[in-house]
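A.B. asks: Structure provided below as structure tokens; questions to follow.
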Amino acid sequence: ADFNNPDLKNLIAAGFNTTDTPSMGFDKDSGYHGTHVAGLVAAEYRNGFGVRGAYGKHVELYIYRATNNGETFGIAALVNAINSAVQNNVDIINMSLSTSDDIPSLRQA
Numbered sequence: 049a050d051f052n053n054p055d056l057k058n059l060i061a062a063g064f065n066t067t068d069t070p071s072m073g074f075d076k077d078s079g080y081h082g083t084h085v086a087g088l089v090a091a092e093y094r095n096g097f098g099v100r101g102a103y104g105k106h107v108e109l110y111i112y113r114a115t116n117n118g119e120t121f122g123i124a125a126l127v128n129a130i131n132s133a134v135q136n137n138v139d140i141i142n143m144s145l146s147t148s149d150d151i152p153s154l155r156q157a
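Those letters in the sequence shown? Residues 49 to 157, by my numbering.
This is the structure:
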């Protein structure tokens, strides 16, 4: 997600990079799809800017970067992101991706 977005910046609790490119950081949206989805779910309530997210109040966002370019994903990065979210007691995980392969490690995560 875009960490400077006025509807989201106060809601970001933590961020993690699970890719094989740690220097990329987790605070740059690779295609703004993450910012868009985060805004639909959690845009800050009554801040005088933009829209109100579906859940309004009391939302914390945990940002996980699992892609370097917004288009391709390494399975290990996805598995690490899911496992980290579970370990951090994240209540809802949203991922926009698809594969036609049955990947046991991804299914297990």
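Here a beta-carbon is modelled for each residue, glycine too, at the ideal position from N, C-alpha and C.
1. Nearest to Val89 by CA position, among Thr67, Thr69, Asp55, Phe121, is which residue?
2. Quick one, are the C-beta atoms of Glu92 and Asn58 less than 9 angstroms apart?
3. Could you give the C-beta distance for Val99 and Gly82, rounded to a whole number, given that I count them as a contact under 8 angstroms?
4. Less than 9 angstroms between the C-beta atoms of Thr66 and Asn128, yes or no?
5. Tell me the DSSP bridge mates of Thr115?
6. Determine the DSSP secondary structure at Ala157, reduced to helix, strand or coil.
7. Kindly indicate which three-state DSSP category Asn131 falls into: helix, strand or coil?
8. If I measure Cβ to Cβ from Ile130 and keep anything under 6 angstroms in the same chain, skipping five residues before and after, which residues do I get?
9. What whole-angstrom Cβ distance do Ser153 and Ile123 have, given they're in contact under 8 angstroms?
10. Out of Leu126, Val85, Glu108, Tyr103, which one is the CA nearest neighbour of Arg155?
C.D. replies: According to the structure shown:
1. Asp55
2. yes
3. Going by Cβ atoms, the distance from Val99 to Gly82 rounds to 16 angstroms, so no, they are not a contact pair.
4. yes
5. Phe121
6. coil
7. helix
8. Ala157
9. 6 angstroms
10. Leu126
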